[in-house]
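To start, the structure itself, in structure tokens.
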Amino acid sequence: MIKTANRVLLGLAGLVLVAVGGAVLATGLGLDVPSWWPWDGTDDVLLSKADRTRWRDEGWWWPTVIAVLAVLVVLALWWFLAQLRRGRLAEVLVDSGDGEGALLRGRALEDALGDEAGALDGVSGAKVALTGRRTAPRARVRMLMEPHASPGLALRGLSEGALTHARTSAGLDELPAEVRMKAVKHRAERVN
Numbered sequence: 322m323i324k325t326a327n328r329v330l331l332g333l334a335g336l337v338l339v340a341v342g343g344a345v346l347a348t349g350l351g352l353d354v355p356s357w358w359p360w361d362g363t364d365d366v367l368l369s370k371a372d373r374t375r376w377r378d379e380g381w382w383w384p385t386v387i388a389v390l391a392v393l394v395v396l397a398l399w400w401f402l403a404q405l406r407r408g409r410l411a412e413v414l415v416d417s418g419d420g421e422g423a424l425l426r427g428r429a430l431e432d433a434l435g436d437e438a439g440a441l442d443g444v445s446g447a448k449v450a451l452t453g454r455r456t457a458p459r460a461r462v463r464m465l466m467e468p469h470a471s472p473g474l475a476l477r478g479l480s481e482g483a484l485t486h487a488r489t490s491a492g493l494d495e496l497p498a499e500v501r502m503k504a505v506k507h508r509a510e511r512v513n
């Protein structure tokens with residue numbers, strides 16, 4: 322969600338800057354511009370004094386300006402706070418059987434999952450990130466596959482091995498996982 326919002330905001334800001342910059346550049350260079358173009362000469366300004374003071378005496382103008390600015394401030398604050406939110410899970414709540422529960426560091430579970438997944442046949446390395454809630458974590462696994470590896474066998478080994486061990490050791494009912502596999506860059510083999 323936050324990645325999409327960042328891309329949309331950056332894209333919109335870029336489009337606005339390119340459009341305004343292109344319009345000012347075209348007018349400043351004295352290029353022939355269409356009749357509907359907002360600026361028509363090299364001595365023209367972006368906002369004339371008449372444009373700046375046109376709506377000042379209208380009753381709806383200032384409430385509208387304040388409302389738009391307030392919405393922009395709220396959106397900017399939301400965006401800023403969303404940047405500070407952690408994407409990874411810091412801890413997992415483990416049912417210890419005594420009604421109290423115990424906390425397991427998320428990094429410890431990530432490291433254990435990554436080490437076990439990286440030890441699978443045909444896997445050069447694995448990185449794991451836990452997301453979600455501490456009572457219902459989700460795993461994002463990235464596996465770097467060697468050229469001879471079988472993706473199906475590696476995926477089966479991950480689901481029946483590392484993910485099952487992590488789920489049972491943490492006392493979780495389920496541990497959904499998103500797995501992304503990428504091949505190791507290697508040179509082509511010569512055939513004689």
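One gets the numbering used here by counting positions in the sequence shown from 1 and adding 321 to each.
Glycine included, C-beta positions come from ideal geometry on N, C-alpha and C.
This one's a predicted model, so the numbers in the text were calculated from it and none came from an experiment.
Short Cβ contact (8 Å threshold) for residue i with residue j
i: A450; j: R501; result: no
i: G443; j: E467; result: yes
i: L496; j: A447; result: no
i: L493; j: L441; result: no
i: T348; j: D365; result: yes
i: L430; j: A483; result: no
i: L330; j: W399; result: no
i: W357; j: A344; result: no
i: A487; j: L434; result: yes
i: A403; j: I323; result: yes
Cβ-heavy atom distance, residue i to the ligand FMN, below 7 Å
i: P468; result: This structure lacks the ligand FMN, and indeed carries no ligand of any kind.
Residue range of the beta strand (DSSP E) that includes residue i
i: T452; result: V444 to G453
Residue i, enclosing alpha helix (DSSP H) - first and last residue
i: R328; result: I323 to G349
i: H486; result: L484 to A491
i: A470; result: Segment: none, A470 is in no alpha helix (DSSP H) and carries neither H nor E.
i: D372; result: K370 to T374
i: L390; result: W382 to L405
Same chain, Cβ closer than 7 Å to residue i, neighbours up to 5 away in sequence not counted
i: W382; result: W376
i: R455; result: L410, E412, V413 and L414
Chain-order list of residues whose beta-carbon lies under 8 Å from that of residue i (same chain, five-residue window excluded)
i: K503; result: R463, M464, L465 and M466
i: P355; result: none
i: V394; result: none
i: E499; result: R459, A460, R461 and V462
For residue i: DSSP bridge partner residues
i: R501; result: R463
i: A423; result: V415
i: P458; result: G453
Close-in-space but distant-in-sequence residues of the same chain around residue i (CB under 6 Å, 5 per side omitted)
i: P288; result: Given a span of 322 to 513 for the chain in the structure shown, any question on residue 288 remains unanswerable.
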